[in-house]
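A quick write-up on the structure given underneath.
Numbering (our numbering), first residue to last: 13 to 415.
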């Protein structure tokens, strides 16, 4: 890393040894799921090389606005691709395929997030690449998988939320179906799930010399996030529904409450926290009421309990309640994005970084949430489109390749 790319705040300087240094990853990727996952690999020291198609001007997210830094770069793109190198290569052409195979012979991982029917056609699977490198790990992220009737379907994050039932569970009762507010949450979950499989397969390949295919898809990962609501339905026929105030499905009080100037979220997940809450808010009388005696009875009478606690919390502003409740029981203010990112605790944790960029002196980014030996990985901007082509291709030997 060059000196100008050292973080100026938040993330500490690069640890002396990151756990994936020496690992090379070839990423045939675009938009969200794979780029988010491989960004973590790059932050952990892997040499992640984005292979971008020159005929399509690279990863389409490079041109996704509204905040562009250059013709083929922007804040949207950088949020998923820091610490990566970029080469332009048409793997469908004879010359491009030859160069790609030279890279595969020296790589540890090839990852793609194409439609499920594409990896075999483009010879990106282990069957096609193992003659070049038996230990190669081939990771496939698709919308619906590679081995079913939807293999050729396109698919995106929000579609998965709709079909999986997540939208049915999100939002207030009696309102239209809603997606989860965080952007690309399914892409992020799928990217991270694929990284677990990738690293497990990489460990095995290092031990045995044999790589494999690793598959996951947006649909499967989204369905898996239904968690215990799916288990309840499959075993007991219980149909979970939206809960008022983003409440819990079986515990109370676990929800938002209005204060004099905003909202807070209270999570009395245990009897201990319920008993700690009452004297602080001046409502010891509630302990003697049979309908609020246990978690089950509180949930059954949560409508009445909400009315009582609403009246109590509205008496004072958010800061008043936080000063009395934080650290004693689980509570948090409900904030907008600006309030959240500007909170002193975010800076204290080192979750904000500043990196340089060829077109802008400083870019403010979120730091990686992982620490190694107490230090966060440093962040640097992804290379411009194709900037590393010559350096990368010249680093691998020429020789015979398969057709």
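Ideal placement from N, C-alpha and C gives every residue a C-beta, glycine not left out.
How big is the Cα-Cα spacing for residue 59 and residue 210?
-> Locating residue 59 in the chain shown gives position 47, where the first residue counts as 1. Locating residue 210 in the chain shown gives position 198, where the first residue counts as 1. Approximately 15 Å, taken between the alpha carbons.
Would you tell me roughly how many angstroms separate the C-alpha atoms of residue 157 and residue 130, rounded to the nearest one?
-> Position 145 of the chain shown, counting from 1, holds the residue named residue 157. Position 118 of the chain shown, counting from 1, holds the residue named residue 130. Using only the alpha carbons, I get a separation of about 11 Å.
Quick one, are the C-beta atoms of residue 46 and residue 124 less than 9 Å apart?
-> Along the chain shown, one-based indexing puts residue 46 at 34. Along the chain shown, one-based indexing puts residue 124 at 112. A contact, by the Cβ cut-off of 9 Å.
Going straight from the alpha carbon of residue 41 to that of residue 87, what length do you get?
-> In the chain shown, the residue the question calls residue 41 occupies position 29. In the chain shown, the residue the question calls residue 87 occupies position 75. Rounded to whole angstroms, the gap between the alpha carbons of residue 41 and residue 87 is 17 Å.
Grab me the residues of residue 101's own chain with a C-beta within less than 8 Å of its C-beta, minus the 5 sequence neighbours each way, in chain order.
-> Taking the first residue of the chain shown as position 1, residue 101 is located at position 89. Short of 8 Å from the beta carbon of residue 101, and not among the five residues preceding or following it, lie these beta carbons of its own chain, in chain order: 63, 64, 65, 66, 108, 111, 112 and 401.
Residue 450: which of 320, 96 and 116 sits nearest, CA to CA?
-> No information on residue 450 is available, as it lies outside the stretch 13 to 415 that the chain covers here.
Taking the alpha-carbon positions, what's the residue 230 to residue 134 distance?
-> Within the chain shown, the letter at position 218 stands for residue 230. Within the chain shown, the letter at position 122 stands for residue 134. Looking at the backbone, the Cα of residue 230 and that of residue 134 are separated by about 21 Å.
On the premise that residue 136 lies in contact with residue 121, defined as a C-beta separation below 8 Å, what is that separation, rounded to the nearest angstrom?
-> Mapped onto the chain shown, residue 121 falls at position 109. Mapped onto the chain shown, residue 136 falls at position 124. Your pair residue 121 and residue 136 does not check out as a contact, with CB atoms roughly 11 Å apart and the cut at 8 Å.
Hey, how far is the Cα of residue 70 from the Cα of residue 394?
-> For the purposes of this step, residue 70 is identified with residue 58 of the chain shown, where counting begins at 1. For the purposes of this step, residue 394 is identified with residue 382 of the chain shown, where counting begins at 1. Near 13 Å, if we compare the C-alpha coordinates of residue 394 and residue 70.
Grab the span of the beta strand (DSSP E) containing residue 175 for me, first residue to last.
-> As a first step, residue 175 is located in the chain shown; it is residue number 163 there, counting from the start. In the DSSP assignment, residue 175 falls outside any beta strand (DSSP E) and lies within the alpha helix (DSSP H) extending over 169-176.
Helix or strand or just coil, what does DSSP make of residue 31?
-> In the chain shown, the residue the question calls residue 31 occupies position 19. When DSSP states are grouped into helix, strand and coil, residue 31 belongs to the coil group.
Quick one: give me the first and last residue of the beta strand (DSSP E) that residue 279 is part of.
-> Along the chain shown, read from residue 1 onward, the residue named residue 279 stands at position 267. Boundaries of the beta strand (DSSP E) around residue 279: 275-279.
For residue 404, the residue or residues it bridges with in DSSP = By 1-based counting over the chain shown, the position of residue 404 is 392. DSSP, once it has assigned bridges, lists no residue as partnering residue 404.
How should residue 173 be labelled, buried or exposed, when 16 other C-beta atoms within 10 angstroms of its C-beta is the threshold for buried?
-> Position 161 of the chain shown holds residue 173. The residue in question, residue 173, is buried, as its Cβ has 16 or more Cβ neighbours within 10 Å.
Which term fits residue 48, buried or exposed, when burial requires 16 or more other beta carbons within 10 angstroms of its beta carbon?
-> Sequence index remark: in the chain shown, residue 48 carries index 36 (1-based). Per the 10 Å Cβ criterion, buried.
Every unbroken beta strand (DSSP E) within the segment 233-308, with a cutoff of 3 residues, ordered by chain | Correct list: 266-270 and 275-279.
For residue 108, does the three-state DSSP call read helix, strand or coil?
-> Within the chain shown, residue 108 is the residue found at index 96, counting from 1. Looking at residue 108 - three-state DSSP - the assignment turns out to be helix.
In chain order, what residues of the same chain lie with their CB nearer than 7 Å to the CB of residue 184, ignoring the 5 residues before and after it?
-> Here residue 184 refers to the residue found at position 172 when the chain shown is read from its first residue. Contacts found: 254 and 256.
Roughly how many angstroms lie between the CA atoms of residue 258 and residue 346, to the nearest whole one?
-> Position 246 of the chain shown holds residue 258. Position 334 of the chain shown holds residue 346. As the crow flies, the alpha-carbon of residue 258 is around 12 Å from that of residue 346.
According to DSSP, is residue 387 helix, strand or coil?
-> To locate residue 387, count along the chain shown from 1; it is residue 375. It is a strand residue.
Out of 366, 51, 89 and 43, which has the shortest C-alpha to C-alpha gap to residue 382?
-> Within the chain shown, numbered from 1, the residue matching residue 382 stands at position 370. The residue with the shortest Cα to Cα distance from residue 382 is 51.
Report the three-state DSSP secondary structure of residue 13 (helix, strand or coil).
-> Here the question's residue 13 lines up with position 1 in the chain shown. Note that residue 13 scores a pLDDT of 31, beneath 50, so its modelled location is shaky and nothing firm can be said.
Among 89, 85 and 97, which has the Cα closest to the Cα of residue 57?
-> Taking the first residue of the chain shown as position 1, residue 57 is located at position 45. Residue 97 is the option with its Cα nearest to residue 57.
DSSP beta-bridge partners of residue 345 | Against the chain shown, residue 345 aligns to sequence position 333. Per the DSSP secondary-structure output, residue 345 pairs in a beta bridge with 276.
Does DSSP classify residue 365 as helix, strand or coil?
-> The residue labelled residue 365 in the question sits at position 353 within the chain shown. Correct three-state label for residue 365: strand.
Starting from the Cα of residue 208, find the closest Cα among 152, 179, 244 and 247 and give me that residue.
-> Taking the chain shown and counting its residues from 1, the one referred to as residue 208 is at position 196. Taking only the C-alpha atoms, the option nearest residue 208 is 152.
Span of the alpha helix (DSSP H) holding residue 36?
-> Here residue 36 corresponds to residue number 24 of the chain shown, with the count starting at 1. Run containing residue 36: none in the alpha helix (DSSP H); it sits in the beta strand (DSSP E), 36-40.
Top-ranked residue by Cα proximity to residue 188, from 195, 194 and 179 | Reading the chain shown from its first residue, position 176 is the one you call residue 188. Minimum Cα distance to residue 188 is reached at 179.
Looking at residue 320 and residue 336, is the spacing between their C-beta atoms short of 9 Å?
-> Along the chain shown, read from residue 1 onward, the residue named residue 336 stands at position 324. Along the chain shown, read from residue 1 onward, the residue named residue 320 stands at position 308. Their beta carbons are not under 9 Å apart, which means residue 336 does not touch residue 320 by this criterion.
Thinking just about the alpha-carbon of each residue, which of 244, 223, 270 and 250 is nearest to the one in residue 318?
-> The residue given as residue 318 occupies position 306 in the chain shown. Here the closest residue by C-alpha is 270.
Do you know whose CA, among 274, 372, 352 and 298, lies nearest residue 328's CA?
-> Numbered from its first residue, the chain shown carries residue 328 at position 316. Considering only alpha carbons, the answer is 274.
Evaluate residue 397 with the Cβ neighbour count: other Cβ atoms within 10 Å of its Cβ, from every protein chain shown; 16 or more gives buried, anything less gives exposed.
-> In the chain shown, counting from the first residue as 1, residue 397 sits at position 385. Residue 397 should be labelled buried.
Thinking C-alpha only, which one of 32, 74 and 226 is nearest residue 44?
-> Against the chain shown, residue 44 aligns to sequence position 32. Taking residue 44 as reference, the option from 32, 74 and 226 with the minimal CA-CA separation is 74.
Buried or exposed (CB count within 10 angstroms, at least 16 for buried), residue 338 = For the purposes of this step, residue 338 is taken as the residue at position 326 of the chain shown. With fewer than 16 other beta carbons inside 10 angstroms of its own, residue 338 counts as exposed.
Starting from residue 330, follow the alpha helix (DSSP H) in both directions and report where the run begins and ends.
-> As a working note, residue 330 is residue 318 in the chain shown. Membership of residue 330 in the alpha helix (DSSP H) is indicated by the continuous run 330-337.
Three-state class that DSSP yields for residue 138 in the structure shown = As a position in the chain shown, residue 138 is number 126, starting the count at 1. Residue 138: helix per DSSP, three-state reduction.
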